[in-house]
Structure formats: C-alpha cells, structure tokens
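First the structure, in the form of structure tokens, and then the observations on it.
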Amino acid sequence: MYKLSRDKFIRDLEKAKTEDEVRYAYAKAYDINFDSSDKHDLYTPQILFEFKYDKNFENAKTKATILAQALYYIRRLKFGITDKPIPPVICLADVNEAAFTDTISWKELYTDAAEKYDWDVAASNPDAKLIADIYATEALRSIHIYKIQLDHEYQSFSEKILNYLNPQTKLAFGDKKIITEDNFEEVYKYWEHLFGESVRNGQKPSKYFVADIQEGRTIVQKENGKVLFRIGESEWRDKKILAKDYEYFWNLYEKVTNPFIIRGIISKVDRLTDEYLRRFHGEFFTPLPFAKKGLEYIEKTIGKSWWKQGYKLWDMAAGTGNLQYYLPAEAWQHCYLSTLYKEDVEHLQKLFADATTFQYDYLNDDVEYLFADGQLPFELNWKLPQKLRDDLQNKNNKWIILINPPFATSQEAGTNHGRSKKDASNTKIRSVMHSQNLGEVSRELFSQFIFRIDREFNNKPTHLCMYSKLKYLNANNDQLLRDNIFHFQFEKGFIFSIEHFQGTKGKFPVGFLIWDLNKEKKLEEQTVNLAIYEEENLKIGIKVIVNESRDGFLSKWIDRPKATIEFPPFKSGITVAVKSNKDVRDRISENFLASLMCAGNDLQHQNNTALLSGPYVSAGALSITPANFEQSMVVHAVRRIPKANWINDRDQFMQPNCELPKEFITDCVVWNLFSSSNQTVAMKDVQYNGKTFQVHNHFFPFLISEIKNWKISDSEIAITLTGNDERFVATWLQNQTEFSDKALPILAKAKEIYEYYFTNLHQLRTPKYKIQTWDAGWWQIRNAIADENLADNMLADFKILHNNLKEKLVKQVYEFGFLS
Numbered sequence: 113m114y115k116l117s118r119d120k121f122i123r124d125l126e127k128a129k130t131e132d133e134v135r136y137a138y139a140k141a142y143d144i145n146f147d148s149s150d151k152h153d154l155y156t157p158q159i160l161f162e163f164k165y166d167k168n169f170e171n172a173k174t175k176a177t178i179l180a181q182a183l184y185y186i187r188r189l190k191f192g193i194t195d196k197p198i199p200p201v202i203c204l205a206d207v208n209e210a211a212f213t214d215t216i217s218w219k220e221l222y223t224d225a226a227e228k229y230d231w232d233v234a235a236s237n238p239d240a241k242l243i244a245d246i247y248a249t250e251a252l253r254s255i256h257i258y259k260i261q262l263d264h265e266y267q268s269f270s271e272k273i274l275n276y277l278n279p280q281t282k283l284a285f286g287d288k289k290i291i292t293e294d295n296f297e298e299v300y301k302y303w304e305h306l307f308g309e310s311v312r313n314g315q316k317p318s319k320y321f322v323a324d325i326q327e328g329r330t331i332v333q334k335e336n337g338k339v340l341f342r343i344g345e346s347e348w349r350d351k352k353i354l355a356k357d358y359e360y361f362w363n364l365y366e367k368v369t370n371p372f373i374i375r376g377i378i379s380k381v382d383r384l385t386d387e388y389l390r391r392f393h394g395e396f397f398t399p400l401p402f403a404k405k406g407l408e409y410i411e412k413t414i415g416k417s418w419w420k421q422g423y424k425l426w427d428m429a430a431g432t433g434n435l436q437y438y439l440p441a442e443a444w445q446h447c448y449l450s451t452l453y454k455e456d457v458e459h460l461q462k463l464f465a466d467a468t469t470f471q472y473d474y475l476n477d478d479v480e481y482l483f484a485d486g487q488l489p490f491e492l493n494w495k496l497p498q499k500l501r502d503d504l505q506n507k508n509n510k511w512i513i514l515i516n517p518p519f520a521t522s523q524e525a526g527t528n529h530g531r532s533k534k535d536a537s538n539t540k541i542r543s544v545m546h547s548q549n550l551g552e553v554s555r556e557l558f559s560q561f562i563f564r565i566d567r568e569f570n571n572k573p574t575h576l577c578m579y580s581k582l583k584y585l586n587a588n589n590d591q592l593l594r595d596n597i598f599h600f601q602f603e604k605g606f607i608f609s610i611e612h613f614q615g616t617k618g619k620f621p622v623g624f625l626i627w628d629l630n631k632e633k634k635l636e637e638q639t640v641n642l643a644i645y646e647e648e649n650l651k652i653g654i655k656v657i658v659n660e661s662r663d664g665f666l667s668k669w670i671d672r673p674k675a676t677i678e679f680p681p682f683k684s685g686i687t688v689a690v691k692s693n694k695d696v697r698d699r700i701s702e703n704f705l706a707s708l709m710c711a712g713n714d715l716q717h718q719n720n721t722a723l724l725s726g727p728y729v730s731a732g733a734l735s736i737t738p739a740n741f742e743q744s745m746v747v748h749a750v751r752r753i754p755k756a757n758w759i760n761d762r763d764q765f766m767q768p769n770c771e772l773p774k775e776f777i778t779d780c781v782v783w784n785l786f787s788s789s790n791q792t793v794a795m796k797d798v799q800y801n802g803k804t805f806q807v808h809n810h811f812f813p814f815l816i817s818e819i820k821n822w823k824i825s826d827s828e829i830a831i832t833l834t835g836n837d838e839r840f841v842a843t844w845l846q847n848q849t850e851f852s853d854k855a856l857p858i859l860a861k862a863k864e865i866y867e868y869y870f871t872n873l874h875q876l877r878t879p880k881y882k883i884q885t886w887d888a889g890w891w892q893i894r895n896a897i898a899d900e901n902l903a904d905n906m907l908a909d910f911k912i913l914h915n916n917l918k919e920k921l922v923k924q925v926y927e928f929g930f931l932s
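Next up, the structure:
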C-alpha cells in the first residue's frame, strides 16, 4: 500500500486550517478513496474516521464528545438503509493527535434499544447524556492518544493504520447490520442486486430472500457453488451462487431470529414486487420516511406496542396506507383504515391483511346519525362497520387517530383564484358547521375533519396524530376553528419541508402534531415546540409557535384611511394598469403620499409587500398619509427585512410588544427609502380612464434647496425644479434628531449617488424609466444608473451600508415582538 512520506504528511497537517484540510491530508497520506457520503467524515470498510481541526484529545470530555459523534454514524450504518458494512475500527484525529477504538466496544451504547439518547439530532451536536455515559466508561480512558508530531508516536500510529487498512489483514470481529421491518426493502434491493439473476426462475426473487434471511432455511454447498433455499414447508430449491458473494453479504448482515419481525416481513413481502403501484398511488401522500418518524413520535408519547395497551387506531383518509406503512404486522388487527376510493381499499386489504379496511366518506356518511339532536330509530342504516361501531362504544378502548386530512377549500364564499374547488367541500359536515354559525372556516375540508372528529371522539381517551399545514395554529382565517373547536392539549410534534413531497412546489412547513383530545386547553394558552427535521434522521432545531389571537396581528395595527379619490392604479414601479371590468382598486385617500401593498399577515406573503406611488391594482394595500406614515414605514420594513424560509413561512407578524423607540422608526424609514421594494416614482401626464394625472414622488429624500446647488445635466428635467414644493419625506427627515450610526452613512452615501445621478443625467436612458421630473424615485434612479454600468463601486459600497442597517433591524424585529 502506498504511503506518503512522514515529512510531507506532517507539512500538510501543519498547513491545515480547517477540519476538511485535515481530512484531505489523511486521505492523501494513506491512499484512502475519498468516501464522505452519508455525511461521514471519511469512510472505509475497515475504519470510520471522525476528524476535527484542533482539539485536546487528552481531555476526556472532548474525547467523549468526538467519539459520540462517530457513534451516531455507526448507529445509522447498523440500522439504516445503506449497504455499507460497519467498520470494526473508529479513528479520531486532528492536526496533532489521533486515536483508535474498536467499534464493538461501544455496541451497548449505539444500539440503545430503549432510546435513552436522542438519535435524531445532528451528529455534530450529540446528546449530552450519551457524552456523559461515554465519559463515565473505563474504556474511554484506556484509549491511547498518538502524538502525530512526535517521530516514534507517528511510526507506531502509521503502522497500525496501515495494518487496519490492508485488505489482507483479518480484523477483529466487527458488528453486523440488522434486518428489520423498517429497512428490509432496501436490504432486499441490495440482495436482489447480488443474487436476483441467480434465483429468478419460477419464483419471485422476494420468496428466496424471505427464506434466506431466516435461520435454518438455507444450506450453503461450497463444493459445487450452490445454495439450497427452503421455499415452502418442505420444498427445497438449489441455486448457483458464488460462495464468496454469499459470504460477503452475510458478513454484513445478521440473520433474522425474531418471529414477529419475520411475520411482519412476510406480511409485507408483496410490496417488494408491488413497488410501482405503491409509488403511483403514494407519491403525493406523506413521504414514507416522515410517516415512519410519526410512528416513532406516537411511541414516544403513548408508549411502545400501544396496541397492547388497549389502543385502537383509525385513519379516516388512509389513501394507500403510507402513514401505516411501517407499523409492525402485530398492530394491524387493531387498526381501522378507511378511504374514499374502492381501488385504495383493495390496495389496503392487500398490504394490511389483518386490519379492518373499508370504503367510507367521513364527511358525508352517517353524518345525520352522528349529529342528530333528537331520538333516533333503534335500527339505523349505518355505513360504519359494526365492528368499529362496537369498538367506539366500548369505554375500555383508547384511540389513536392517525391522519393526513385533505386541504381543499371551496371558493364559493369569495373570489375564485385559479381552478375552482367549489364542490370539494360541499359536504354534509359543512352544512352542520353552517348551522352552528362557523362561517368561512367550514369551507375547508381540513376543518370539517376536525369538526367531526371532535364530535365522534367526545369523552373518549383519544390522541389526534395529524400531518398538516400549520395554518390552523395561527392563520387569520382559522380563528373560528381555534375559538370554537380546537381546544386540545398539545403533546409532541415535528415539522419538515413540503419539498419532501414528490410533485409539490413551494417552501413551507408540514407538521406532525399529537394532540390529547381529552385535555381541553385553548391554543392561545399554549406554546407549541416542534422539532425541525431537515431530513428524516437529522433534527436541526426547535420551532416555537406562539398562538396569538388575530386581534394582535400586525395587519390590524395600522390605520386604513378611507379611499375615495380616483387615481391611476399601479402594478409595479412605473407600470400603470388600464381600466377594466375586473375588481381594479383605483382609489386613494385624502393627503395620499404612497400606497403600502401588504397582503396577508405571514412571511409567505413577504413578496406582497411594496411601496408604490399609486393605489395597488388589486386587494391588499392601503393609502399612506402623514397620519399613518410612521406606522406604514415600520410595517413595510418589518415585513421585508426577515429572511423567509420554509421553517418560518407561516409565521404571523404581530403588533409590537412595547412603545417603539424613535431611532427604530427612523431606521425603518431610511432602510425603506433605498429598498428594492420601494417602487415609488414620479411620472408626468399619466392617462387613466380618460383623465390626465401627475404622479409626484413624495418619498424623494432631499430638499429642493440642496438639489439647486447640484449640477443637473438634463435641461428638460432641470426646468421642472421650480417653486419650493418640498416632498414629504425630505421634510420629515429634516425634522428628525435621532439617527443611528447605521442610518447616517446611508444618507450620506445616498446624497453622493443622487448628486452623481443629476450630474450624469445626459448619459442615462431616462425615457426607459419614465424619468421626466426632478423628483424621480430611487427605483428609477438606481435602475437607470445600473443600466449604463455607471457608479458600480459607489452602488456596491451603498449596498454594504444598507445591509449593515438591515442586520441591526432584523434583531429588533424579534426583540420588539413582530415575530416570535
């Protein structure tokens, strides 16, 4: 095996400035193929490496922390879906030191069947309890630390690593991977890749696989290169399989000895050859890895083997059974799976043989019986199976509702945007909700499911375990649902991105939340803490959702003056809409300065936030006047400054939790003036609805007296600078006394840019941006200069200053309670 000289290796380590550079130095020195897939630092079948840049390995706490990270990767190799073997040796290393430890020495910790540790967090942030337990072991203290910089230590270390990496060296016994109901499909794919062609004759390969994973159902005949498989009770079939390939596979995996696991795998084996159908039906349903995670959370909340504790499970929107996919077979007889479509029922019956599966319309079937107020006939024609009705009446039963309810919304009550779903929610449940004066919330199928569930499981020990968007927790339109129905105690939950659903667009969170229906508590009285999963096995943080009443929404904080004066409506900076028969908003208020577009109240509507010099053409805007100017400036800045992502997408903007400092308001104004969403402009002779209008830019930031001292190279624009009709914002700024050290440099640099702009007006394409008067908007000025590649350095410096102010303001957005 090739080995780099010691001197070159040490020089590479000494030059290293990062953990990655340490890794590259090791890979080069010991000729290691660079495999860092599955988020491993560096992987070989013999050694799993965990690198750091510069740590004190002699410190036991440090050593325990680094080893804990490595054990996260070892656990994923043992229980995960990759076909990589578990390396028998772990190597910890940094620029100065290195250490080896046998993987098997830590098996009791990384197998952790009791889930004592949180294995969902990122390996870079291991569970403190795991670190503490490693720290307490004698094995940790017996690990020898090699000082790589010392010659004799290096020689000893190098001989050992080369011996480990030598494929001819027989290493000590390592740990094997296990086959479970959760990972058997991926194991089968690997098994089928190795042996599929050898066994594919008369029987499905999956039948041979099921036989092969069980003790005593295969016999290896090395002398003639065959393996005997017992397919039935007494039928044996021999297949030609190379012994070395067969031994390699079973050196990776343990045979399955648990009869319950065998039964579960046998029950699910049809899925191995039914892949297309499952993918076809299930691709838009809950992604299987997160369905599995939901079952783990149910166990954490209710307990393992909940079916042995008197619980029954019902999924009223089961579809193709994705949510139950990873349930063990012994749980199926305690499950009810209902769905709208007959073909789905047939699929469920095939996959969940012992479950009660049936076709049922939860929002229409039996509604008249469930919500009847008076005496009903003794014999009723229920569509609900008698077995389920009996179980619902049995007071000894406890219930798990595991569901991903649909989210279609009828548009009958309002403007129809896009494809109509007016028939989707016209159900019997909706009629009952209308009769109880629940208003627009009854248009949503999701709310209808919750409404019936609330009635169906009233006074029954029940946990609602639900995948859904998060809008029911804090959205404006769902307030009636929160006020009248959803008074359940939150237990546990997590969120992940909608991007994990195949065939979907957008970036917003999907939540899996568990609620105790027997514990009544209003959402506004609860704080909901949700684990954030970037992937199904990588928890990256906690999302806190504070449930506030919509009365505290930021959208209700600002005064909206009555708009009665006709004025050209704007689509964007200089784009004026034409008069049409549509619902065009073409009115402004008295003392109009600009229009604040601020549709919606959450971060998903961030891009629907802008400043315009006329009324916004559609709904979701208001007139800015001197009376509401400061509030408007705060609202615009607060909605624009935070960075939207899939985690905060549905977060609601709230009213401030204190009286806002004057400096904060001034900072917001200065930031807004030079934001890309400030599209206020000045335009001459705008034609609209048979009339001519002049559009003034009331957001021009400098006084006329200042501009008159500047050179204006365009004579036609220069002659518009007459009189002393100062623009509102220039006067407002002049009257302020509290400017922050982040705002003042922006105004100073802006003055340079404006003066440069006026001096170079003759070089700009002013007609393109409809620049015809002295009070052109920042949007017009910035784009005209950028088009000609003028003042690039000046604009770049300005952007840095503008971002510095943004960094200050974004912290205050949270400090003052605009976002939680």
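The sequence shown lines up with residues 113 to 932 when you count with the working numbering. In this text, a Cβ means the ideal position worked out from N, Cα and C, and glycines have one as well. As the structure is a computational prediction, the values presented were derived from the model and not from experiment.
Alpha-carbon to alpha-carbon, residue j and residue i
i	j	result
Ala-711	Thr-432	38 Å
Lys-259	Val-207	10 Å
Asn-720	Gly-618	16 Å
Gly-415	Leu-482	31 Å
Arg-752	Leu-921	11 Å
Lys-510	Leu-496	18 Å
Glu-927	Lys-694	42 Å
Tyr-645	Pro-399	13 Å
Ile-378	Glu-455	23 Å
Leu-221	Glu-227	10 Å
Glu-556	Ser-236	42 Å
Asp-124	Tyr-155	20 Å
Gly-551	Lys-462	41 Å
Tyr-472	Glu-771	55 Å
Glu-408	Gln-445	19 Å
His-305	Arg-187	24 Å
Ala-722	Lys-167	50 Å
Ser-310	Phe-558	50 Å
Arg-501	Trp-426	12 Å
Ile-883	Pro-727	20 Å
Phe-464	Asn-434	11 Å
Thr-330	Leu-439	28 Å
Lys-861	Phe-814	12 Å
Glu-250	Arg-135	28 Å
Ala-355	Phe-307	11 Å
Residue i, DSSP secondary structure in three states
i	result
Trp-348	strand
Phe-563	helix
Gln-261	coil
Pro-621	strand
Glu-170	coil
Asp-695	coil
Ser-254	coil
Arg-342	strand
Phe-805	strand
Thr-639	strand
Trp-783	helix
Residue i - partner residues in DSSP beta bridges
i	result
Trp-627	Leu-576, Phe-602
Gly-653	Ile-644
Gln-471	Thr-451
Gln-743	DSSP, once it has assigned bridges, lists no residue as partnering Gln-743.
Cys-1009	Look at the range of the chain in this structure, 113 to 932, and you will see that residue 1009 is not part of it.
Tyr-155	Leu-160
> Taking three-plus beta-carbon pairs below 8 Å as touching, is the segment 891-905 in contact with the segment 748-767?
Replying inline: no
>> Is it the case that the segment 580-589 contacts the segment 366-374, given that we only count it when at least three CB pairs across the two stretches are under 8 Å?
In response: No, because fewer than three Cβ pairs between the segment 366-374 and the segment 580-589 fall closer than 8 Å, the two stretches do not touch.
> Are three or more beta carbon pairs between the segment 790-805 and the segment 846-865 nearer than 8 Å?
Replying inline: no
> Three or more beta-carbon pairs under 8 Å between the segment 661-668 and the segment 701-717, yes or no?
Replying inline: yes
>> Under 8 Å, with one C-beta from each stretch per pair, do the segment 595-615 and the segment 770-785 reach the 3-pair mark?
In response: no
> Okay, do the segment 908-916 and the segment 868-875 touch, 3+ Cβ pairs below 8 Å being the bar?
Replying inline: no
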